[in-house]
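Here the working numbering is used: position 182 in the sequence shown is 183, and no number is missing along the way.
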Amino acid sequence: MKSFPNPYQTLLYILCVIGCYSLAADFKAYLPSRTTHQLWIVQATEKGDQLSLSVDEKIDLGFSAVTIVAHPEKLLLYVSTNVGEEGNSPGATIILEADGSYKSHRSLKLEHGYSYLSIDPDQKFLLGADYRGGHIDVYPLEKDGKLGSRVAFLDEGRSAAHAVLPSPDNRFVYIPYVKDSNALLQYAFDKTSGALTPLDPHNANPPEGTGPRHIAYHPALPIVYFSNEQDLGASVYKRDLTNGHLTLHQVVDVVSEEERPESGVSASDCLLSPDGRFLFTGQRSGNEAALPNGINRYRVGNDGLLEHLGLTSTGEIPWGLAFSPSGKVLLVTAFGGGVLHAFRLTKEGELLPAVTLPIDERISDLVTR
Numbered sequence: 002m003k004s005f006p007n008p009y010q011t012l013l014y015i016l017c018v019i020g021c022y023s024l025a026a027d028f029k030a031y032l033p034s035r036t037t038h039q040l041w042i043v044q045a046t047e048k049g050d051q052l053s054l055s056v057d058e059k060i061d062l063g064f065s066a067v068t069i070v071a072h073p074e075k076l077l078l079y080v081s082t083n084v085g086e087e088g089n090s091p092g093a094t095i096i097l098e099a100d101g102s103y104k105s106h107r108s109l110k111l112e113h114g115y116s117y118l119s120i121d122p123d124q125k126f127l128l129g130a131d132y133r134g135g136h137i138d139v140y141p142l143e144k145d146g147k148l149g150s151r152v153a154f155l156d157e158g159r160s161a162a163h164a165v166l167p168s169p170d171n172r173f174v175y176i177p178y179v180k181d182s183n184a185l186l187q188y189a190f191d192k193t194s195g196a197l198t199p200l201d202p203h204n205a206n207p208p209e210g211t212g213p214r215h216i217a218y219h220p221a222l223p224i225v226y227f228s229n230e231q232d233l234g235a236s237v238y239k240r241d242l243t244n245g246h247l248t249l250h251q252v253v254d255v256v257s258e259e260e261r262p263e264s265g266v267s268a269s270d271c272l273l274s275p276d277g278r279f280l281f282t283g284q285r286s287g288n289e290a291a292l293p294n295g296i297n298r299y300r301v302g303n304d305g306l307l308e309h310l311g312l313t314s315t316g317e318i319p320w321g322l323a324f325s326p327s328g329k330v331l332l333v334t335a336f337g338g339g340v341l342h343a344f345r346l347t348k349e350g351e352l353l354p355a356v357t358l359p360i361d362e363r364i365s366d367l368v369t370r
């Protein structure tokens with residue numbers, strides 16, 4: 002006699018699978034707006050093979066919000082402006098509900114405005130890079146995520162410090178400088194006090210004209226990647242796990258000198274896929290006829306070296322990049338066009354356009370959770 006499964010059990014299983022898949026695929030994105038002084042909360046929803054983006058909320062923050070970082074574990078976001086009065090620059094800590102929606106926020110008074118914020122792997126410090134002044138500030142994080150008074154400060158006498166990100170082992174910090182400052186400064190990081198001590202040599206001396214901008218660490222290899230703001234591509238450095246020194250391993254130029262306009266083009270963000278198989282860098286162009294806007298795609302080899310796969314077109318001035326928690330969707334802010342782009346990442350490293358959402362112009366940064 003042939004048996005059939007209990008229809009109620011089958012239905013329950015199907016609903017569970019659908020529900021679990023939906024919960025795993027759906028996520029939120031958080032975008033600070035310098036023009037409307039708001040935090041945009043965007044909902045990404047999967048229905049079958051369709052992805053949709055919708056605006057959940059817009060939270061008034063009361064200042065020109067530019068830069069954002071998410072706490073790795075707590076339901077907290079930290080937001081700053083990029084240009085502020087020294088010693089009295091506005092910021093905010095955003096407290097989220099368990100589902101990622103807005104709960105409340107508290108105002109912060111920061112030492113500078115920041116173009117880049119990061120949290121160390123031990124989640125004890127918030128670090129900020131002040132692009133215009135070239136300053137680096139380190140703040141302690143209390144157990145509940147509250148920000149304390151600054152405990153470490155750097156002023157190297159040069160502007161255009163574009164990022165600050167502790168190494169995965171939390172022992173070293175690297176600070177890239179773009180444009181005429183063109184440098185890659187190396188420090189030992191005291192994960193107890195937050196102090197930064199220059200290494201010897203202090204500067205990893207990136208090739209002239211590269212302008213290392215943003216940072217990505219390989220998840221398994223002692224390799225560090227940088228987007229090259231001026232050279233339009235990416236650079237690869239080996240990291241000595243003992244002394245922290247960086248050694249240039251590869252420079253990938255995606256545009257030849259003959260093709261590159263004299264001005265109006267630069268690279269933006271730098272992001273690895275969560276599995277470490279692909280790297281992405283933004284290509285910003287103020288002259289589409291001379292050079293298109295888009296995302297440069299690279300395959301990461303077993304040795305950490307890069308192979309350029311091509312350029313995926315985007316809206317005007319692609320700036321910030323962020324993966325969905327699943328790593329299957331890449332979000333890109335088009336700074337000049339006021340558009341949020343969503344792409345699906347294929348197993349071959351292609352980016353397939355999925356959906357777009359109109360947002361404020363001049364939104365640069367975003368995070369997801």
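A virtual CB, placed ideally from N, CA and C, is assigned to each residue, including glycine.
Bear in mind the structure is a predicted one, so any value in this text is a computation, not a measurement.
Whole-angstrom distance between Ala-66 and Pro-73, CA atom to CA atom: Here residue 73 is taken as the residue at index 72 of the sequence shown, counted from 1. Here residue 66 is taken as the residue at index 65 of the sequence shown, counted from 1. Computed Cα separation, rounded: 21 Å.
Contiguous beta strand (DSSP E) assignments of at least 3 residues, all confined to the segment 297-343: Fully enclosed beta strand (DSSP E) runs of no fewer than 3 residues occupy 307-314, 319-324 and 330-335 of the segment 297-343, in order along the chain.
Sequence-distant residues of the same chain with beta carbon closer than 7 Å to Val-356, five excluded per side: Position 355 of the sequence shown, counted from the start, is the residue given in the question as residue 356. Once the five neighbours on either side are set aside, the close Cβ partners of Val-356 are Leu-52, Ser-53, Leu-54 and Ala-343.
Under 9 Å between C-beta atoms of Asn-288 and Ala-335: Locating residue 288 in the sequence shown gives position 287, counting from the first residue. Locating residue 335 in the sequence shown gives position 334, counting from the first residue. No, the Cβ-Cβ distance between Asn-288 and Ala-335 is not below 9 Å.
Extent of the continuous alpha helix (DSSP H) to which Ala-26 belongs: Here residue 26 refers to the residue found at position 25 of the sequence shown. Element bounds for Ala-26: 8-26.
Cβ pair Pro-1, Asp-241 closer than 9 Å: The question about residue 1 has no answer here: the residues shown for the chain are numbered 2 through 370.
Helix, strand or coil at Asp-61 [DSSP, three-state]: Residue 61 sits at position 60 when you count from the first residue of the sequence shown. Three-state result, Asp-61: strand.
Backbone CA spacing between Ile-15 and Ala-26 [nearest angstrom]: For the purposes of this step, residue 15 is taken as residue 14 along the sequence shown, with counting starting at 1. For the purposes of this step, residue 26 is taken as residue 25 along the sequence shown, with counting starting at 1. Caution applies to Ile-15, whose pLDDT of 39 falls short of 50 and renders its modelled position unreliable; the value that the coordinates give is listed next. Straight-line Cα distance between these residues: approximately 16 Å.
Three-state secondary structure (DSSP) of Ser-116: For the purposes of this step, residue 116 is identified with residue 115 of the sequence shown, where counting begins at 1. Residue state, collapsed to three classes: coil.
Per DSSP, cross-strand counterpart(s) of Arg-240: Translated into the one-based positions of the sequence shown, residue 240 becomes position 239. Paired residues: Leu-247.
Test item: CB-CB of Leu-32 and Leu-62 under 9 Å: Numbered from 1 along the sequence shown, position 31 holds the residue referred to as residue 32. Numbered from 1 along the sequence shown, position 61 holds the residue referred to as residue 62. Contact flag unset, no.
Ser-119 versus Pro-167, Leu-247 and Arg-133, residue with shortest Cα-Cα distance: Position 118 of the sequence shown, counting from 1, holds the residue named residue 119. Taking Ser-119 as reference, the option from Pro-167, Leu-247 and Arg-133 with the minimal CA-CA separation is Pro-167.
Lys-192 (DSSP reduced to helix, strand or coil): For the purposes of this step, residue 192 is taken as the residue at position 191 of the sequence shown. Note: Lys-192 maps to coil in three-state DSSP.
C-beta contact flag for Gln-284 and Ser-269 at 9 Å: Here residue 284 refers to the residue found at position 283 of the sequence shown. Here residue 269 refers to the residue found at position 268 of the sequence shown. Yes, Cβ-Cβ distance for Gln-284 and Ser-269 is below 9 Å.
DSSP-derived helix/strand/coil call for Ser-108: In the sequence shown, the residue the question calls residue 108 occupies position 107. Strand.
Burial state of Pro-199 (16 or more Cβ within 10 Å): Here residue 199 refers to the residue found at position 198 when the sequence shown is read from its first residue. With fewer than 16 other beta carbons inside 10 angstroms of its own, Pro-199 counts as exposed.
Buried or exposed (CB count within 10 angstroms, at least 16 for buried), Ser-23: By 1-based counting over the sequence shown, the position of residue 23 is 22. Low per-residue confidence applies at Ser-23: pLDDT is 39, beneath 50, and the placement is therefore not dependable enough to give any value.
Limits of the unbroken beta strand (DSSP E) element including Pro-141: For the purposes of this step, residue 141 is taken as residue 140 along the sequence shown, with counting starting at 1. Where Pro-141 is concerned, the enclosing beta strand (DSSP E) stretches over 136-141.
Beta-carbon separation (whole angstroms), Val-152 vs Val-139, contact threshold 8 Å: As a position in the sequence shown, residue 152 is number 151, starting the count at 1. As a position in the sequence shown, residue 139 is number 138, starting the count at 1. Between Val-152 and Val-139 a beta carbon distance of about 6 Å is seen, short of the 8 Å cut, so the two are scored as contacting.
Sequence-distant residues of the same chain with beta carbon closer than 6 Å to Ile-364, five excluded per side: Sequence index remark: in the sequence shown, residue 364 carries index 363 (1-based). Excluding residues within five positions, the ones whose Cβ falls inside 6 Å are Leu-32, Ser-34 and Thr-334.
Boundaries (first-last residue) of the beta strand (DSSP E) holding His-1: Outside the shown range of the chain, which is 2 to 370, sits residue 1, and nothing can be said about it.
C-alpha distance - Gly-316 paired with Asp-366, whole-angstrom precision: For the purposes of this step, residue 316 is taken as the residue at position 315 of the sequence shown. For the purposes of this step, residue 366 is taken as the residue at position 365 of the sequence shown. Between Gly-316 and Asp-366, the C-alpha separation is close to 15 Å.
Beta-carbon proximity list for Leu-306, same chain, < 8 Å, skipping 5 on both sides: In the sequence shown, the residue the question calls residue 306 occupies position 305. Correct list, in chain order: Val-237, His-250 and Gln-251.
Short Cβ contact (9 Å threshold) for Phe-324 with Arg-298: Here residue 324 refers to the residue found at position 323 when the sequence shown is read from its first residue. Here residue 298 refers to the residue found at position 297 when the sequence shown is read from its first residue. In this structure, Arg-298 does not lie closer than 9 Å to Phe-324 by Cβ.
Neighbourhood of Ile-19 by C-beta, 8 Å cutoff - its chain only, sequence neighbours within 5 removed: Taking the first residue of the sequence shown as 1, we reach residue 19 at position 18. Residue placement at Ile-19 is flagged as unreliable, the pLDDT there being 40, under the threshold of 50; a coordinate-derived value is accordingly withheld.
Distance, Gly-149 Cα to Glu-143 Cα: Numbered from 1 along the sequence shown, position 142 holds the residue referred to as residue 143. Numbered from 1 along the sequence shown, position 148 holds the residue referred to as residue 149. In this structure, the straight-line span from the alpha carbon of Glu-143 to that of Gly-149 is close to 7 Å.
Residues near Ala-130 by beta carbon distance below 7 Å, same chain, minus five either side: To locate residue 130, count along the sequence shown from 1; it is residue 129. Within the same chain, Tyr-115, Ser-116, Tyr-117, Ile-137, Ala-162, His-163, Ala-164, Val-165 and Ile-176 come within 7 Å of Ala-130 by CB-CB distance, once the 5 residues on both sides are set aside.
Exposure label - Gly-321; buried when at least 16 CB within 10 Å: Along the sequence shown, one-based indexing puts residue 321 at 320. Sixteen is the threshold: when 16 or more other Cβ atoms of the shown chains lie within 10 Å of the Cβ of Gly-321, as they do, the residue is buried.
Span of the beta strand (DSSP E), counted from its first residue to its last, around Gly-92: Here residue 92 is taken as the residue at index 91 of the sequence shown, counted from 1. Its beta strand (DSSP E) spans residues 90-97.
DSSP beta-bridge partners of Arg-363: Looking up residue 363 in the sequence shown gives position 362. Paired residues: none, contrary to the question.
Helix, strand or coil at Ser-257 according to DSSP, with G and I counted as helix: Locating residue 257 in the sequence shown gives position 256, where the first residue counts as 1. Assignment of Ser-257 by DSSP, reduced to helix, strand and coil, places it in the coil class.
Asn-183 vs Pro-202 beta-carbon contact at 9 Å: Residue numbering aside, residue 183 sits at position 182 when the sequence shown is read from its first letter. Residue numbering aside, residue 202 sits at position 201 when the sequence shown is read from its first letter. The Cβ-Cβ distance between Asn-183 and Pro-202 does not fall below 9 Å.
Exposure of Phe-154, with buried meaning 16 or more beta-carbon neighbours within 10 Å: In the sequence shown, residue 154 corresponds to position 153, counting from 1. The residue in question, Phe-154, is exposed, as its Cβ has fewer than 16 Cβ neighbours within 10 Å.
For Ser-194, the nearest candidate out of Thr-37, Leu-128 and Asp-145 (CA to CA): Numbered from 1 along the sequence shown, position 193 holds the residue referred to as residue 194. When each option's Cα is compared against that of Ser-194, the closest is Leu-128.
Per-residue DSSP class, three states only, for Lys-180: Looking up residue 180 in the sequence shown gives position 179. Here Lys-180 sits in helix by DSSP.
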